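Q: Once you've had a glance at the structure underneath, I'll fire off some questions.
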Amino acid sequence: MGGKSTMAALLVILAANLLQSTYGRTYTVGDSTGWGIPANNNDDFYDDWADNKDFLVGDVLVFNFTNGQHNVVEVTEAGYDACNAANPVSTGSTGPARITLNRTGEYYFICGIPGHCSAGQKLNVEVRNGNTTGGVTPSTPVTPTTTTYTVGDSTGWRVPTNNDDFYEDWADNKHFVVGDVLVFNFTTGQHNVAEVTEDAYDDCNTANAISTLTTGPARITLNKTGDHYFICSVPGHCSAGQKLKVEVRTGNTTGGVAPSPPVTPSTTTFTVGDSTGWRVPTNDDFYEDWADHKHFVVGDVLVFNFTTGQHNVAEVTEDAYDDCNTANAISTLTTGPARITLNKTGDHYFICSVPGHCSAGQKLKVEVRTGNTTGGVAPSPPVTPSTTTFTVGDSTGWRVPTNNDDFYEDWADHKDFVVGDVLVFNFTTGQHNVAEVTEDGYDDCNAANAISTLTTGPARITLNRTGDHYFICSIPGHCSAGQKLKVEVRNGNRTSTSPTPGTPSAAAPGTSSSPGTNSASSHVATLSLVFFMSIALTLFC
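Written out as structure tokens, the structure is:
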């Protein structure tokens, strides 16, 4: 009986490993230590961390660091040995930084801040193709004990009303640990969040801020123990109470403390215009009709889906809204999709500042109140159940295909794209890009008059209109070698007979399936393995 039990256990482990190998893994570099100068002059810290780990194509490295204090630079082997970032392959300056390992071979990463690499802040990983070997447990990107806190809960990050101690009271009795995330919800252009020293915190002085984030909502990962100090550097805001101190420790959070959720149950994300998105409507009252009877509360989020370069979204005053004037806009977002958090009560006014668009009806007014949304109104969901995120090329990503000019044509074949779907182009920044072009530009591999060009990978593009969409890489020679994609987009729900694109993990770049594998076959494989395990347990136990 003992031998049969052992055999059954081995079969179960084998099946579990086969299941696990279906998906790319996410590694947090340095685990809870994050990406920084190793302590105690341990130059080999990251070498030791990577030792015995088995990295595969499609795995993701997460570098947790504080913006302004560190960065992560992919370099050549010579640059790695010499701690020289003069000619980087790519540079990530915003933490946490996610890098997808999209090819086999050696990868070299250093911190480009002077003195950091030579002090041991460098990492070399070897990536291979195929399944991971058994017995190696990768680091998880976020341990079960870490939490995301929305600073101020539904109030967000703003000058508190008649209470200088509001944020002190908010942080009181909360237990922050390394790896936790603070989300500062604020309107871009009205507030910011600066991390400062204790003295600067006491004096409300941002002259020598450690880092400053000006785009809301801002996410800050707590990557070291000790006290962290945050203020708003807009004149008068800190002294009026817009300041926060948190104490961070190592270890599990103590029981009995309920952390603030990143989004409270009463807040909602609205996709402006639903499947139509943010564009010049065929009806001047379209967005007014869309907002009618909806109940917006503080903390709700508006998602404006538009094509970068064709539209934008500007928040303006009531007079500017009436006149379609953006000369003194409160804020303007030029990259779609754009997310705006409604952080104060009252009327909010939004227009597109591209000439002629606002006067043609591309304008929106919403009234925001405090409190829970009233029952009976179903808000627009940010993504309808019928929309899908596709990882272009699956695990191959977006690159020059090998010996197959039709690779991306084959990939798109038989897929059913609808308005609202998202394409994720996984590529290494500096080596590739993705340009949306006209049909002629696609046929001629000409990006001279590109509709839009995204140069930072992974790039996400929302399909916001019906018809044909054309994408190429504008790096010389890449398009003509087959790095080009055409997709046909239609309106309506996805048909039941169309194949499902990618795996359920396609929404997360770097976690896609093998090329040509759809979720149906993945489910079949999963069920087969479960069946296999059941038979094993029946026969041998």
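When you line the sequence shown up against mature numbering (1 follows the signal peptide of the UniProt record, and there is no 0), it's residues -24 to -1, 1 to 517, in that order.
Where is the CB? At the ideal position from N, CA and C, for every residue including glycine.
In this text, all values refer to a predicted model and were calculated from it rather than measured experimentally.
#1: Might you give, ordered along the chain, the residues of its own chain that have their beta carbon closer than 7 Å to the beta carbon of THR80, omitting 5 neighbours on each side?
#2: Would you kindly report the start and end of the unbroken beta strand (DSSP E) that includes PHE178?
#3: What number of angstroms, rounded off, separates the C-alpha of GLN407 from the C-alpha of VAL65?
#4: Distance, Cα to Cα, GLY96 vs ASN43?
#5: Could you give the first and the last residue of the continuous alpha helix (DSSP H) run that contains residue 533?
#6: Across the region 159 to 177 and the region 299 to 317, are there enough close Cβ pairs to call them in contact, namely three or more that are closer than 8 Å?
#7: Looking at the unbroken alpha helix (DSSP H) that takes in PHE262, where does it start and where does it end?
#8: Quick check on DSSP: helix, strand or coil for SER66?
#9: Give the DSSP bridge partners of THR284, in chain order.
#10: What residue from ASN139, ASP148, CYS214 has the CA that sits closest to GLU171's CA?
#11: Would you call the region 258 to 269 and the region 294 to 302 in contact, with 3 or more CB pairs under 8 Å?
#12: Counting C-beta neighbours from all protein chains within 10 Å, is the total for PRO90 16 or more, i.e. buried, or is it exposed?
#13: Report all residues from its chain with a CB closer than 8 Å to the CB of PHE142; omit the five preceding and five following residues, and keep chain order.
#14: In or out: ASP381 buried (at least 16 other Cβ within 10 Å) or exposed?
#15: How long is the line joining the alpha carbons of ARG315 and VAL256, rounded to whole angstroms?
#16: For ASN139, tell me which candidate among ASN402, LYS219, HIS46 has the shortest Cα-Cα distance.
#17: Would you identify the three-state DSSP class for ASP299, choosing helix, strand or coil?
#18: Would you tell me roughly how many angstroms separate the C-alpha atoms of TYR446 and LYS29, rounded to the nearest one?
#19: Let me check one thing: in DSSP terms, what residues is ILE316 bridge-paired to?
#20: Put GLY322 into one of helix, strand or coil per three-state DSSP.
#21: Can a CB atom of chain C be found closer than 7 Å to the CB of ILE327?
#22: How big is the Cα-Cα spacing for ARG441 and HIS204?
#23: Could you give the DSSP three-state label for ALA388: helix, strand or coil?
#24: Compare the beta carbon distance of ASP276 and LEU318 with 7 Å and say whether it is the shorter of the two.
#25: Tell me which residues share the same chain as GLY231 and place their Cβ nearer than 8 Å to its Cβ, disregarding the 5 neighbours each side in the sequence.
#26: What's the call for THR372, buried or exposed, on a 16-neighbour Cβ count within 10 Å?
#27: Does THR131 come out as helix, strand or coil in the three-state DSSP assignment?
#28: Is TYR56 helix, strand or coil by DSSP?
#29: Looking only at its own chain, which residues have a Cβ that is under 7 Å from the Cβ of LYS432, when we skip the five neighbours before and after it?
#30: Alpha carbon to alpha carbon, how far is GLN265 from GLY396?
#31: Where do the N-terminal and C-terminal ends of the beta strand (DSSP E) with GLY165 fall, by residue?
#32: Have a look at the DSSP bridge pairing and note the partners of ILE89.
#33: Enumerate in chain order the residues of its own chain whose CB-to-CB distance from GLY202 is below 7 Å, with the five nearest sequence positions on each side excluded.
#34: For ALA435, which option in LYS320, ASP420, VAL344, GLY312 has the closest C-alpha, if you only look at C-alpha atoms?
#35: Opposite SER450 in the DSSP bridges: which residues?
#36: Mind listing, in chain order, the continuous alpha helix (DSSP H) runs of no fewer than 4 residues lying wholly within the region 376 to 438?
A: In this structure, then:
#1: For this step, residue 80 is matched to residue 104 along the sequence shown. Apart from sequence neighbours up to five positions away, the residues of its chain that approach THR80 with a beta-carbon distance below 7 Å are VAL33, VAL103, ARG104, ASN105, ordered along the chain.
#2: By 1-based counting over the sequence shown, the position of residue 178 is 202. At residue 178 the sequence reads Asp, which differs from the Phe that was named. Counting along the chain, ASP178 falls outside any beta strand (DSSP E), though it belongs to the alpha helix (DSSP H) covering 174 to 179.
#3: If you number the sequence shown from 1, residue 407 lands on position 431. If you number the sequence shown from 1, residue 65 lands on position 89. Straight through space, the alpha carbons of VAL65 and GLN407 are spaced by roughly 7 Å.
#4: Indexing the sequence shown from 1 puts residue 96 at position 120. Indexing the sequence shown from 1 puts residue 43 at position 67. In this structure, the alpha-carbon of GLY96 lies about 19 Å from that of ASN43.
#5: This structure cannot speak to residue 533, because the chain is shown only from -24 to 517.
#6: The region 159 to 177, when compared against the region 299 to 317, does touch it at the 8 Å Cβ threshold.
#7: Numbered from 1 along the sequence shown, position 286 holds the residue referred to as residue 262. Segment 262 to 267, the alpha helix (DSSP H) holding PHE262.
#8: Here the question's residue 66 lines up with position 90 in the sequence shown. Strand.
#9: The sequence position of residue 284 within the sequence shown is 308, counting from 1. Note: THR284 sits in a beta bridge opposite HIS287.
#10: On the sequence shown, position 195 is the one that residue 171 refers to. Cα-wise, what sits closest to GLU171 is CYS214.
#11: The region 258 to 269, when compared against the region 294 to 302, does not touch it at the 8 Å Cβ threshold.
#12: By one-based count along the sequence shown, residue 90 stands at place 114. With a 10 Å radius around the Cβ and a threshold of 16 neighbouring Cβ atoms, PRO90 comes out exposed.
#13: Stepping through the sequence shown from its first residue, residue 142 is reached at position 166. The residues are GLY128, THR131, PRO136, GLY217.
#14: The sequence position of residue 381 within the sequence shown is 405, counting from 1. Exposed is the call here.
#15: Locating residue 315 in the sequence shown gives position 339, counting from the first residue. Locating residue 256 in the sequence shown gives position 280, counting from the first residue. In a straight line, the C-alpha of ARG315 is about 19 Å away from that of VAL256.
#16: Numbered from its first residue, the sequence shown carries residue 139 at position 163. The option with the nearest alpha carbon to ASN139 is LYS219.
#17: Here residue 299 corresponds to residue number 323 of the sequence shown, with the count starting at 1. In the three-state reduction of the DSSP assignment, ASP299 falls in the helix class, which pools H, G and I.
#18: Counting from 1 along the sequence shown, the entry for residue 446 is found at position 470. Counting from 1 along the sequence shown, the entry for residue 29 is found at position 53. About 40 Å.
#19: Position 340 of the sequence shown, counted from the first residue, corresponds to residue 316. Answer is LEU278.
#20: Here residue 322 corresponds to residue number 346 of the sequence shown, with the count starting at 1. If DSSP states are grouped into helix, strand and coil, GLY322 belongs with the strands.
#21: Given the protein chain composition of this structure (a single chain), no chain C is represented.
#22: By one-based count along the sequence shown, residue 441 stands at place 465. By one-based count along the sequence shown, residue 204 stands at place 228. Whole-angstrom Cα-Cα distance: 45 Å.
#23: Here residue 388 is taken as the residue at index 412 of the sequence shown, counted from 1. In the displayed model, ALA388 falls within a helix according to three-state DSSP.
#24: Here the question's residue 276 lines up with position 300 in the sequence shown. Here the question's residue 318 lines up with position 342 in the sequence shown. Contact: yes.
#25: Position 255 of the sequence shown holds residue 231. Confidence in GLY231 is poor, its pLDDT being 36 and thus under 50, which makes the residue's placement too unreliable to answer from.
#26: Indexing the sequence shown from 1 puts residue 372 at position 396. It counts as buried.
#27: Position 155 of the sequence shown, counting from 1, holds the residue named residue 131. In the three-state reduction of the DSSP assignment, THR131 falls in the helix class.
#28: If you number the sequence shown from 1, residue 56 lands on position 80. In this structure, TYR56 counts as helix in the three-state DSSP scheme.
#29: Stepping through the sequence shown from its first residue, residue 432 is reached at position 456. Residue identity differs from the one stated: residue 432 is Thr in this sequence, not Lys. Contacts found: THR405.
#30: Working through the sequence shown from its first residue, we reach residue 265 at position 289. Working through the sequence shown from its first residue, we reach residue 396 at position 420. The question names Gln, but residue 265 is Asp in the sequence shown. The straight-line gap from Cα to Cα measures roughly 20 Å.
#31: Residue numbering aside, residue 165 sits at position 189 when the sequence shown is read from its first letter. Neither: GLY165 is in no beta strand (DSSP E) and is coded neither H nor E.
#32: Taking the first residue of the sequence shown as 1, we reach residue 89 at position 113. DSSP lists no partner for ILE89.
#33: If you number the sequence shown from 1, residue 202 lands on position 226. Cβ-Cβ distances below 7 Å link GLY202 to VAL224 in the same chain, with the five nearest sequence neighbours on each side left out; the list follows chain order.
#34: Working through the sequence shown from its first residue, we reach residue 435 at position 459. The shortest C-alpha separation from ALA435 is found at GLY312.
#35: By 1-based counting over the sequence shown, the position of residue 450 is 474. According to DSSP, SER450 bridges with nothing at all.
#36: The qualifying runs are 383 to 388, 415 to 420.
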